[in-house]
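Protein chains: 2
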Amino acid sequence: MTTASSLSPERPAGTVRSFRDRQFQLREEAILDAANQLLAQRGFELMSMDELAAAVGIAKGSLYKHFESKEQLAAASMTRLLRRIESRLLTQPAQDSPRRRLEALLRWTLAERAAGRMPLLPSTNPALQQALMGTRGYTEALGAVGEALAQLVEQGIEAGELRSDLPVPVLLFTVYARSCDPSFDFLRASGEFSDEQVIDFMVATCFDGMARPRTGTPAQ
Amino acid sequence: MTTASSLSPERPAGTVRSFRDRQFQLREEAILDAANQLLAQRGFELMSMDELAAAVGIAKGSLYKHFESKEQLAAASMTRLLRRIESRLLTQPAQDSPRRRLEALLRWTLAERAAGRMPLLPSTNPALQQALMGTRGYTEALGAVGEALAQLVEQGIEAGELRSDLPVPVLLFTVYARSCDPSFDFLRASGEFSDEQVIDFMVATCFDGMARPRTGTPAQ
DNA sequence: GTCTATACTGAGATAGAC
DNA sequence: GTCTATCTCAGTATAGAC
């Protein structure tokens, strides 16, 4: 078995032994970049390995030297995204409040989406889900991000910034779901708003809802 | 061309000329019922005409006497849903406030989803989108529902129930998106909550958001 | 390891008997 | 109009030369 993703956790980060290895790794990054874009545009089922190869500028067969199946390629794509999210979570300014940090993360993911780099994978594809759960790096990264987010939500509740009348998973999924929300595309497609405005809108409804706040009469 | 959906708007509702016609129409209902279920479970790309035919208990070829393509079948499925939504909107108690009516609609769509009857169609499939937009009944129903919802939102804003600091389309899409929200499936899959609870949670976050309302000290 | 060429399969759509 | 059987093609994956 020669198809081991150079991004897999087996190889310690930064360990590059030769020039050819380095080139191989760079090509893999290019594949994942293109995959992210195509997954965002077409979705998993409609992205073909043919067009992916064409987009990268390599032969289709070469893809299978990097990833042993389309599913595992998608898993690698998602894993890289999760790692980036994790990395962002870890480097956020500690003085920021939990709510601000959650907001910043949501803004970042929506910006990635606006840039066409957000690989949205269908939850209805059993083969894909199985591949995801069977890919070591993916489950690890998912667990790490999930845990970090849950902590952030709990801190937000304790700090009185987030509602305490809902279970933590509900809040967690609510902010997560907003990053895949189809209204983002609809609002952008309408052409009425800038990307920044759309992101503002979505963050606003996510945290403050659609209803008019009951802040009595004064101020606003 | 003999494949004209008996649910198409060309035939006035209630016009049934013969027993065979009636049987044909009933079978078409059965096809759409099964299609809704499979579209909800598997999604458009993964639903095969083979398994749909098997689920209905008819031959695959017979499907094409009712619908000329998989895309148009999906369009008919969505159209029927939109018509039901429209019908519900029209029969809602007039004394209910706009917010309550929007809430009731969201609850209903989520209940449909819980029952596995919600056909979720991907927005990333160009062939499908083209078929949708080229299907007369679909565009009509979509327009009618969109307009009715926009009116409801506007009334909600005027009544002071919904936020006035966001454009109407933003609120409209926000409530719409909630009915396709993947967190619904995740929360149900966790097994921690009943379907009713999950629906309550999603309605709550949709209208009131994740943040703790600032009603602490009186008058801000 | 990358290329070109190809095998294989699943699935949408059609043909023709009844 | 419904059935069985078949066509066609896109797309994943692999073989083999270099």
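So the sequence lines, in the order shown, correspond to chains D and X.
Going by the working numbering, the first sequence opens with residue 1, and the numbers climb by one from there.
Going by the working numbering, the second sequence opens with residue 1001, and the numbers climb by one from there.
Glycine included, every Cβ here is placed at the ideal spot set by N, Cα and C.
Chain D within 8 Å of residue i, Cβ atoms only
{"i": "leucine 1081/X", "result": "no"}
{"i": "leucine 1032/X", "result": "no"}
{"i": "leucine 1152/X", "result": "no"}
{"i": "proline 1182/X", "result": "yes"}
{"i": "arginine 1188/X", "result": "no"}
{"i": "arginine 1099/X", "result": "yes"}
{"i": "leucine 1052/X", "result": "no"}
{"i": "leucine 1026/X", "result": "no"}
{"i": "leucine 1073/X", "result": "no"}
Of the residues the options, the one placed nearest residue i, counting alpha carbons only
{"i": "arginine 83/D", "options": "Val168/D, Tyr138/D and Arg117/D", "result": "Tyr138/D"}
{"i": "alanine 115/D", "options": "Glu28/D, Glu192/D, Met210/D and Arg188/D", "result": "Arg188/D"}
{"i": "leucine 1032/X", "options": "Phe1067/X, Arg1022/X and Arg1042/X", "result": "Phe1067/X"}
{"i": "alanine 55/D", "options": "Asp96/D, Arg80/D, Leu81/D and Arg27/D", "result": "Arg27/D"}
{"i": "threonine 124/D", "options": "Phe1024/X, Gln1023/X, Ala1040/X and Phe1019/X", "result": "Ala1040/X"}
{"i": "arginine 1100/X", "options": "Arg1163/X, Pro1182/X and Gly1156/X", "result": "Gly1156/X"}
{"i": "glutamine 129/D", "options": "Asp1096/X, Arg1042/X and Glu1071/X", "result": "Arg1042/X"}
{"i": "leucine 162/D", "options": "Thr135/D, Pro98/D and Lys65/D", "result": "Pro98/D"}
{"i": "serine 87/D", "options": "Ile58/D, Val145/D, Gln151/D and Arg214/D", "result": "Val145/D"}
{"i": "proline 182/D", "options": "Arg1020/X, Phe1184/X and Ala1177/X", "result": "Ala1177/X"}
{"i": "aspartate 1195/X", "options": "Arg1107/X, Glu1158/X, Gln1095/X and Ala1127/X", "result": "Arg1107/X"}
{"i": "alanine 1104/X", "options": "Ser1179/X, Asp1021/X and Lys1065/X", "result": "Ser1179/X"}
{"i": "phenylalanine 184/D", "options": "Met202/D, Gly191/D and Glu192/D", "result": "Met202/D"}
Residue i vs residue j beta-carbon contact at 8 Å
{"i": "proline 119/D", "j": "serine 77/D", "result": "yes"}
{"i": "methionine 1047/X", "j": "lysine 1060/X", "result": "no"}
{"i": "leucine 1142/X", "j": "leucine 1172/X", "result": "no"}
{"i": "arginine 1212/X", "j": "glycine 160/D", "result": "yes"}
{"i": "alanine 1204/X", "j": "leucine 89/D", "result": "no"}
{"i": "leucine 1102/X", "j": "valine 1175/X", "result": "yes"}
{"i": "leucine 225/D", "j": "alanine 35/D", "result": "Beyond the ends of chain D as shown, which are 1 and 220, falls residue 225/D; an answer cannot be given."}
{"i": "alanine 131/D", "j": "glutamine 72/D", "result": "yes"}
{"i": "valine 168/D", "j": "glutamate 147/D", "result": "no"}
{"i": "threonine 135/D", "j": "threonine 91/D", "result": "no"}
is_contact[residue i, chain X] using C-beta, thresh 8 Å
{"i": "alanine 177/D", "result": "yes"}
{"i": "glycine 116/D", "result": "no"}
{"i": "phenylalanine 173/D", "result": "yes"}
{"i": "asparagine 125/D", "result": "yes"}
{"i": "glutamine 155/D", "result": "no"}
{"i": "phenylalanine 201/D", "result": "yes"}
Neighbour list for residue i in chain X, Cβ cutoff strictly below 7 Å
{"i": "glutamate 161/D", "result": "Ala1211 and Arg1212"}
{"i": "proline 122/D", "result": "Gly1043"}
{"i": "aspartate 185/D", "result": "Ser1123"}
{"i": "leucine 63/D", "result": "Going along chain X, no residue has its Cβ under 7 Å from leucine 63/D, so there is no contact; the nearest lies around 20 Å."}
9 Å Cβ cut-off: residues of chain X touching residue i
{"i": "leucine 149/D", "result": "The premise fails here: leucine 149/D is roughly 12 Å from chain X at the closest Cβ pair, so nothing lies under 9 Å."}
{"i": "leucine 110/D", "result": "The contacting residues do not exist; leucine 110/D stays about 13 Å from chain X at best."}
Contact set between residue i and chain D, taken where Cβ atoms lie within less than 9 Å
{"i": "glutamine 1092/X", "result": "The premise fails here: glutamine 1092/X is roughly 18 Å from chain D at the closest Cβ pair, so nothing lies under 9 Å."}
{"i": "alanine 1204/X", "result": "Arg163, Asp165, Leu166, Val170 and Gly209"}
{"i": "leucine 1106/X", "result": "Neighbours of leucine 1106/X on chain D: none; closest Cβ ~10 Å, over 9 Å."}
Beta-carbon neighbours of residue i, restricted to chain D and to distances below 8 Å
{"i": "leucine 1038/X", "result": "Within 8 Å Cβ-Cβ: nothing; leucine 1038/X doesn't reach chain D, min ~10 Å."}
### Query
Can you list, in chain order, the stretches of the alpha helix (DSSP H) that have 4 or more residues and sit fully within the region 109-157 of chain D?
126-134
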